[in-house]
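Counting with this note's numbering, you get residues 22 to 250 for the letters of the sequence shown. The structure appears right after this line, and notes come after that.
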Amino acid sequence: MPLVTTKRTGLVDQIIAQIRELVSSGEWPIGEKIPPETDLVSALGVGRNTVREAVRALSHAGLLEVRQGDGTFVRATNEISGAVRKLCGPELRQVLEVRRALEVEGARLAAGARTDGDLTGLKACLTSRDEAVRRQDSAEVVATDAEFHRLLVAASHNPVLISLYEGIRETVASSVATAFNRDAQAVSHAELLAAVRDGDPRRAAEEAGGFLDELLSQIGSESAAEKLD
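Quick look at the structure:
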């Protein structure tokens with residue numbers, strides 16, 4: 022999607038909308054540097070101050086990260102993910118707490134709303150995940166585990182919850198990778214899938230929260246030990 026010259030009304034908002042679309046579509050991928058300011062000024066047909074204001078706004082929103090002397094980089098694909106990343110930073114505990122809030126409710130709702138198609142997708146994803154665990158293929162474990170949880174929340178068929186969870190998908194993947202790399206193991210989700218399949222909301226919620234509670238407890242114990250050292 023090429024950049025286009027903006028109209029003379031609402032310039033900053035128009036530039037923000039164009040950059041947001043380039044980021045969310047993946048044309049400007051996460052981690053990559055965006056074009057320099059001079060190129061943006063030329064492509065958009067606006068002044069430097071207008072471009073700077075738009076970049077500053079998207080930086081505050083968490084989509085972009087300005088690194089002095091190095092350029093501006095894509096940090097997240099949308100404002101929700103960017104906000105969560107800024108809120109949580111490197112703190113795995115906070116990420117897991119956000120995941121728990123959304124995934125437990127997602128599992129509970131999925132137990133009552135899932136379709137046969139949802140179950141087929143969840144089962145296939147879990148099979149791929151478990152195979153990756155056996156191979157100790159960490160990249161595939163992270164990808165399939167994150168996808169399993171996304172499909173689980175999607176099976177809730179609650180559009181608001183799905184939208185919120187979609188906003189933190191990158192953060193979820195990061196937390197999965199961090200948790201898996203701690204001991205090169207992954208918790209089985211077979212019982213969670215069974216609870217959703219059986220239409221048992223209480224058990225589904227317990228299974229969804231259980232493994233996250235274990236991780237949170239483990240992190241808490243490690244933090245306490247570090248304070249004693």
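Yeah, the Cβ is synthetic: ideal placement off N, Cα and C, and Gly gets one too. This one's a predicted model, so the numbers in the text were calculated from it and none came from an experiment.
- Residue nearest to Ala194 within the set Ala164, Ser238, Leu213, Val33 is Ala164 (criterion: CA-CA distance).
- Counting only runs of at least 4 residues, the stretch 165 to 205 fully encloses the following alpha helix (DSSP H) elements, listed from N- to C-terminal order: 180 to 187, 190 to 204.
- From the listed residues Tyr186, Glu161, Phe94, the smallest Cα separation to Arg120 is found for Tyr186.
- With respect to the 8 Å criterion, Val217 and Ala225 are classified as neighbours on the basis of their beta carbons.
- Taking a contact to require three or more Cβ pairs closer than 8 Å, the stretch 136 to 146 and the stretch 73 to 88 do not qualify as touching.
- DSSP, read as helix, strand or coil, puts Gly138 in helix.
- Contact check for Phe94 against Gly68 fails: the beta carbons are separated by 8 Å or more.
- In the same chain as Ser80, and ignoring 5 residues on each side of it, the C-beta atoms closer than 7 Å to its own belong to Glu86, Val87, in chain order.
- Just measuring C-alpha positions, the residue of Glu168, Val174, Glu235 sitting nearest Glu191 is Glu168.
- With a threshold of 16 other beta carbon atoms within 10 Å, Thr141 falls short and is exposed.
- If you draw a straight line from the Cα of Phe232 to the Cα of Leu213, it comes to about 10 Å.
- Within its own chain, the residues whose Cβ lies closer than 8 Å to the Cβ of Cys146, once the five positions on either side in sequence are excluded, are Thr165, Glu168, Phe169, Leu172, listed in chain order.
- Classified as buried, Glu228 has 16 or more neighbouring CB atoms from the shown chains inside 10 Å of its CB.
- Counted as a single uninterrupted DSSP element, the stretch harbouring Val67 is not any beta strand (DSSP E), since DSSP gives it neither H nor E.
- Around the Cβ of Gln239, a 10 Å sphere holds fewer than 16 other Cβ atoms; the residue is exposed.
- Under the DSSP assignment, Val217 falls in the alpha helix (DSSP H) whose first and last residues are 211 to 218.
- With a beta-carbon spacing of about 17 Å, Thr59 and Leu32 fall beyond the 8 Å limit used to define contacts.
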